[in-house]
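Q: Numbering (this note's numbering), first residue to last: 24 to 468. Cβ atoms here follow ideal geometry from the backbone N, Cα and C, with glycine treated the same way.
Written out as structure tokens, the structure is:
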């Protein structure tokens with residue numbers, strides 16, 4: 024597969040042009056700056072693509088088997104565009120948009136809810152081990168849709184979630200389409216799922232659209248992502264995709280990120296599935312070795328190692344500190360879990376180093392303390408939009424009882440909040456916040 028954008032940038036880098044255009048470094052200072060340009064003649068324009076960027080996105084569409092559009096601002100941009108398209112779809116049907124969303128949404132969803140002002144209902148589950156997971160059951164969703172006075176424009180969920188939990192996309196998609204409802208998926212952690220055999224990519228399982236963070240699991244620079252639209256999605260999704268991305272995106276997209284997305288098309292189309300499969304076999308073997316040594320894991324995502332830290336006698340943060348002392352840097356840790364995100368870019372020696380480091384940590388007596396959970400959602404007295412736009416103040420969490428939460432999230436990672444903007448911080452919610460180390464909250468004045 025060709026790389027039209029990378030070829031253009033390399034030729035421009037190696038040329039002798041006097042750069043009287045942005046950026047201010049004028050291409051001087053090294054390899055990265057030499058290819059860091061703006062929308063000059065021949066370089067195309069991301070949101071009005073008609074040349075090399077259009078060709079590159081078509082290459083990506085061929086790789087993924089759906090309509091693929093680039094984002095240089097991560098899945099956050101793609102997610103907002105996707106939700107905007109759902110709102111446009113609702114407007115075409117003469118409806119006010121309503122989204123049913125799984126509770127463990129990224130902060131980008133909350134900011135989109137505030138900006139787009141769609142109606143929002145939560146899909147809340149009792150059987151979740153953490154606020155970072157919210158597994159849905161297709162039959163239960165079917166029953167709720169069957170009895171709904173007002174059916175949603177779309178169901179929105181996160182899969183894989185931050186801990187590696189995977190949703191039944193195929194079953195949920197079938198239920199959604201039975202009732203004329205869209206399925207939108209935050210697949211930020213799962214771009215690589217396309218290259219499994221068989222594919223587990225949401226658009227191959229029936230989702231109408233999803234966002235993929237290429238940079239999280241594929242060999243792409245940070246910020247490189249995709250808006251993926253299934254070929255069976257409503258026509259307005261592809262017709263308005265570029266304008267949706269332009270509505271929220273910067274007019275100065277990074278050409279370095281675009282170059283990495285362009286090169287990834289070639290990488291992914293030339294033997295990558297076999298390379299990934301071989302790596303996942305080695306990773307599964309490592310997981311088996313660690314399980315025999317006493318480690319316990321959460322989630323069924325194949326590219327993620329989420330350790331149930333307390334089963335090994337530690338908190339997640341304690342395990343993370345022990346790894347960091349040995350130069351092994353985890354993705355995320357909280358009191359219960361340690362999240363490690365390997366990828367095929369690691370070598371056998373890298374995996375051996377991880378194995379040696381984890382096996383060197385002595386197993387201790389299991390910690391029995393369970394995290395507090397929100398058995399019921401806190402009372403909602405404002406919409407996310409109302410709460411996020413309201414005058415607010417930051418207070419110690421202990422002083423927030425009865426106050427209305429006014430932030431989109433608490434920390435990144437994981438950029439997911441156990442309490443949502445517009446909800447009252449009750450005693451149970453305050454206990455949950457304290458458990459996760461949230462010492463201050465922004466609340467409505």
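On a Cα-Cα basis, can you pick out the residue from 34, 36, 95, 131 that is closest to residue 276?
A: 95
Q: Taking the alpha helix (DSSP H) that residue 51 belongs to, which residues open and close that run?
A: Premise fails: residue 51 is in no alpha helix (DSSP H) and is neither H nor E.
Q: Taking residue 129 as part of the alpha helix (DSSP H), name the residues at either end of that continuous run.
A: Unbroken run through residue 129: none, as it is neither H nor E.
Q: Could you spell out where the alpha helix (DSSP H) holding residue 86 opens and where it closes?
A: 75-87
Q: I want to know whether the region 403-415 touches the region 432-441 - three or more CB-CB distances under 8 Å.
A: no
Q: Hey, how far is the Cα of residue 341 from the Cα of residue 334?
A: CA-CA distance, residue 341 to residue 334, rounds to 13 Å.
Q: So, are the CB atoms of residue 231 and residue 256 less than 7 Å apart?
A: Yes. Within cutoff.
Q: With H, G and I counted as helix, E and B as strand and the rest as coil, what does DSSP make of residue 252?
A: strand
Q: Output the distance between the C-alpha atoms of residue 433 and residue 83, rounded to the nearest integer angstrom.
A: 34 Å
Q: Is it a yes or a no for the region 243-259 touching the region 32-51, going by three-plus beta-carbon pairs under 8 Å?
A: no
Q: At which residues does the beta strand (DSSP E) containing residue 115 begin and terminate?
A: Looking at the DSSP string, residue 115 is not in any beta strand (DSSP E); the run it does join, the alpha helix (DSSP H), is 97-115.
Q: Have a look at the DSSP bridge pairing and note the partners of residue 356.
A: 361
Q: Under 7 Å Cβ to Cβ from residue 379, same chain only, skipping five residues before and after it: list those, please.
A: none
Q: Considering only the beta carbon of each residue, do residue 457 and residue 444 sit closer than 7 Å?
A: no
Q: Using a Cβ-Cβ cut-off of 7 Å (strictly less than) and excluding sequence neighbours within five positions of residue 388, which residues of its own chain qualify?
A: Once the five neighbours on either side are set aside, the close Cβ partners of residue 388 are 336.
Q: What does the alpha-carbon distance come out to for the pair residue 37 and residue 261?
A: Distance between the alpha carbons of residue 37 and residue 261: 36 Å.
Q: Determine the contact status of residue 75 and residue 31, defining contact as a CB-CB distance below 7 Å.
A: Closer than 7 Å, so yes.
Q: How far does the alpha helix (DSSP H) with residue 280 in it extend, from its first residue to its last?
A: 278-292
Q: Of the residues 365, 141, 208, which one's Cα is nearest the Cα of residue 128?
A: 208
Q: Rounded to the nearest angstrom, what separates residue 142 and residue 153 at their Cα positions?
A: 25 Å
Q: Just to check, is the beta-carbon of residue 55 closer than 6 Å to a non-hydrogen atom of the ligand COA?
A: For the ligand COA, the structure offers nothing, since it holds no ligand at all.
Q: Using a 10 Å radius around the Cβ and a threshold of 16 neighbouring Cβ atoms, would you call residue 172 buried or exposed?
A: Exposed, by the Cβ-count rule.
Q: My assumption, with CB atoms under 8 Å, is that residue 240 sits in contact with residue 366. Please give the rounded CB distance.
A: 6 Å
Q: Leaving out the 5 sequence neighbours to the left and right, which residues in its chain are closer than 6 Å to residue 77 when beta-carbon positions are compared?
A: none
Q: Nearest by alpha-carbon distance to residue 90: which of 386, 194, 250 is it?
A: 250
Q: Within the continuous beta strand (DSSP E) that includes residue 144, where are the two ends?
A: Going by DSSP, residue 144 is part of the beta strand (DSSP E) stretching over 142-146.
Q: Pick out whichever of 369, 343, 416, 331 has its Cα sitting closest to the Cα of residue 390.
A: Of 369, 343, 416, 331, the smallest CA-CA separation from residue 390 is found for 331.
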